[in-house]
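Here's the structure, in structure tokens; my notes come after.
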Amino acid sequence: MLARVCTFTIDGVDPRQVWAEVDIRSGLPSFTIVGLGDAAVRESRDRVRAAIQNSHFEFPQMRITANLAPAFLKKVGPGFDAALALGVLAASGQAPADALNRYAVFGELSLSGALRDSPGALAVAEGARQAGFPRLIVPRERAREAAIVEGVEVVGVSSLQAAADVVKGSEVPPLPAPEPDTSVPLPEPDLIDVRGHAAPLLALQIAAAGGHNLLLDGAPGTGKTMLARRLPSILPAMSRSEAIEVTRIHSVAGIHANGLIRARPFRAPHHTISPSGLVGGGSPPRPGEATLASHGVLFLDELSEFQRSSLDALRQPLEDGAVTIVRAQRALRFPTSFILIAATNPCPCGFAGVDDRCGCGEAELRRHRRKLSGPLLDRMDLLVSVQRPTEDELREPPAIGSAQARDRVAEARERQRERLAGTAASCNGEMDAREVRRHVRLDPAAEQALGDAYMAGVLSVRGRHRVMRVARTIADLERCDRVARGHVLTALALRQRTGSETALAA
Ligand SMILES: Nc1ncnc2c1ncn2[C@@H]1O[C@H](COP(=O)(O)OP(=O)(O)O)[C@@H](O)[C@H]1O
Ligand SMILES: [Mg+2]
Numbered sequence: 071m072l073a074r075v076c077t078f079t080i081d082g083v084d085p086r087q088v089w090a091e092v093d094i095r096s097g098l099p100s101f102t103i104v105g106l107g108d109a110a111v112r113e114s115r116d117r118v119r120a121a122i123q124n125s126h127f128e129f130p131q132m133r134i135t136a137n138l139a140p141a142f143l144k145k146v147g148p149g150f151d152a153a154l155a156l157g158v159l160a161a162s163g164q165a166p167a168d169a170l171n172r173y174a175v176f177g178e179l180s181l182s183g184a185l186r187d188s189p190g191a192l193a194v195a196e197g198a199r200q201a202g203f204p205r206l207i208v209p210r211e212r213a214r215e216a217a218i219v220e221g222v223e224v225v226g227v228s229s230l231q232a233a234a235d236v237v238k239g240s241e242v243p244p245l246p247a248p249e250p251d252t253s254v255p256l257p258e259p260d261l262i263d264v265r266g267h268a269a270p271l272l273a274l275q276i277a278a279a280g281g282h283n284l285l286l287d288g289a290p291g292t293g294k295t296m297l298a299r300r301l302p303s304i305l306p307a308m309s310r311s312e313a314i315e316v317t318r319i320h321s322v323a324g325i326h327a328n329g330l331i332r333a334r335p336f337r338a339p340h341h342t343i344s345p346s347g348l349v350g351g352g353s354p355p356r357p358g359e360a361t362l363a364s365h366g367v368l369f370l371d372e373l374s375e376f377q378r379s380s381l382d383a384l385r386q387p388l389e390d391g392a393v394t395i396v397r398a399q400r401a402l403r404f405p406t407s408f409i410l411i412a413a414t415n416p417c418p419c420g421f422a423g424v425d426d427r428c429g430c431g432e433a434e435l436r437r438h439r440r441k442l443s444g445p446l447l448d449r450m451d452l453l454v455s456v457q458r459p460t461e462d463e464l465r466e467p468p469a470i471g472s473a474q475a476r477d478r479v480a481e482a483r484e485r486q487r488e489r490l491a492g493t494a495a496s497c498n499g500e501m502d503a504r505e506v507r508r509h510v511r512l513d514p515a516a517e518q519a520l521g522d523a524y525m526a527g528v529l530s531v532r533g534r535h536r537v538m539r540v541a542r543t544i545a546d547l548e549r550c551d552r553v554a555r556g557h558v559l560t561a562l563a564l565r566q567r568t569g570s571e572t573a574l575a576a
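Below is the structure:
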């Protein structure tokens, strides 16, 4: 007899439908699984057999062939066990094959027949909904996560036996109660702590409002790390679809399993991180920090200490909002739409151009500059010097608190969302060259200012587009429909690492 059960594999962070087909016929007892699979799939055979026997079912003493289709799809991980086991039960008449047609099934089995926690259930639930399955069986630990997806009834069970009972008609067990949140939320750092720093504070708000990348450059102890850590405090709340995508990514990476993630990610990897740790890789390929930072912030502190290869790997995600990893004739795509904020000293000792304490040799300075030069800097929208605040500034009250800044940012984002409705971009930083041409209207005087800067040779073509995007965001923060000369001049000033304060005043 033949039975087939729907299950899913995870491709990057996306679900792909897989059919577990099981054929049982008379012949010498054997159990073969075909269909491209990695070591985990081969081991699955032994787990499925033991789980069936230990769940008080009979493992048929016949010729059993199981196929994971389609064959061209590379299937990774142990998540097919439950579908294969239910397929064997259905093909041997121990479970109703027609009832099983209404189910998608996902999860790893233990030898005892328990359904074990398996990462990626949210993505699987999205796949099951797209494929039109009314019910989805997942390990109980993952039920809350899968149930975030509307339109599929999630059956969270802890054993093969319980899964078979539900298929046979027993009642669907209620979702497990949410785990009490015992973590005491740390008070989020607030802009209210910052003194002085007019230009960096403006840049931080522009970065948050338009989704722009920001480099802070300055001597040690001037407050770069302090500023960067306050970026999340002024970002608007995530939309539901953003929250679902963030939860799906963390679920696939195996670092989350309880309900919807609501806080925007803030990832601050150490500078020793490898290129694949940063942008994804390994076998099977796992999302990297750039993907885990999606819809949030990727903070690279001490940027010049990162390996050159890691920084180079960031270029594609910064440009395309995604990384592509090619493995065994397969291209996997991981989304990476984050705000990059980076901090660096002007030289290895930190005091070049600040005072005469700098003891760096010419060669060291050159190496430092080379690491931070060209391609990476060209992909930063805002380059700002962080100066030591003056004594007077330290005594003054703070310029702005996070709550006030967040309101400004949210309003500016709303203006962008309306303007960009119907495009793939949701904020100015995500506009491509065509959208920049269509949506960024410059006053003649603004046009002139941009043209002058371009002709002076300080901008690349890419840099020119970046200035236009940033100028658009500055105009949005000021509630202006047209981009004026002042907006362009501010945007230009915030791309030069020195003298930004003077230009701001102009
Ligand atoms: N402008 C500032 N306003 C208030 N405190 C500041 C400022 N700049 C620096 N500090 C203080 O100095 C500390 C060190 O700053 P930090 O951000 O670590 O410097 P950097 O990363 O530039 O080396 C901060 O934690 C903060 O207490
Ligand atoms: Mg620092």
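Residue numbers (my numbering): 71 to 576. A virtual CB, placed ideally from N, CA and C, is assigned to each residue, including glycine.
- The beta carbon of A169 is closer than 6 Å to those of V237 in its chain, skipping five residues each way along the sequence.
- Counting the other CB atoms within 10 Å of its CB gives T543 a total of 16 or more, which places it among the buried residues.
- Contact check for R205 against V219 fails: the beta carbons are separated by 8 Å or more.
- When S228, A193 and N137 are compared, the shortest CA-CA separation from S182 is found for S228.
- Annotation for Q275: the continuous alpha helix (DSSP H) segment containing it runs A268 to G280.
- Remark: the C-beta of K294 is in contact range of ligand 1, defined as less than 7 Å to any heavy atom.
- One thing to note: A323 has its Cβ no nearer than 8 Å to the Cβ of L384.
- DSSP lists no beta-bridge partner residue for Y524.
- Counting along the chain, no beta strand (DSSP E) covers L512, and no H or E run does either.
- Taken through DSSP and simplified to helix, strand or coil, G324 comes out as coil.
- DSSP, read as helix, strand or coil, puts Q386 in helix.
- Fully enclosed alpha helix (DSSP H) runs of no fewer than 4 residues occupy 167-170, 191-200, 213-216 and 230-238 of the region 161-240, in order along the chain.
- In this chain, the beta strand (DSSP E) harbouring R133 covers R133 to A139.
- If you check the C-beta of P290 against ligand 1, you find a heavy atom less than 7 Å away.
- Relative to ligand 2, D371 has its C-beta within less than 7 Å of a heavy atom.
- In the three-state reduction of the DSSP assignment, P405 falls in the strand class.
- Boundaries of the alpha helix (DSSP H) harbouring P345: P345 to V349, taken from the DSSP string.
- In the structure shown, the three-state DSSP call for P302 is helix.
- Following the DSSP letters along the chain, one finds L452 inside the beta strand (DSSP E) bounded by residues L452 to S455.
- For K145, the three-state secondary structure derived from DSSP is strand.
- An exposed status is given to N171, since fewer than 16 other beta-carbon atoms sit within 10 Å of its beta-carbon.
- Cβ-Cβ distances below 6 Å link I103 to R115 and A136 in the same chain, with the five nearest sequence neighbours on each side left out; the list follows chain order.
- According to the DSSP secondary-structure assignment, D260 is paired through a beta bridge with no residue.
- Where E91 is concerned, the enclosing beta strand (DSSP E) starts and stops at D84 to R95.
- When only Cα atoms are considered, R478 and L272 end up about 11 Å apart.
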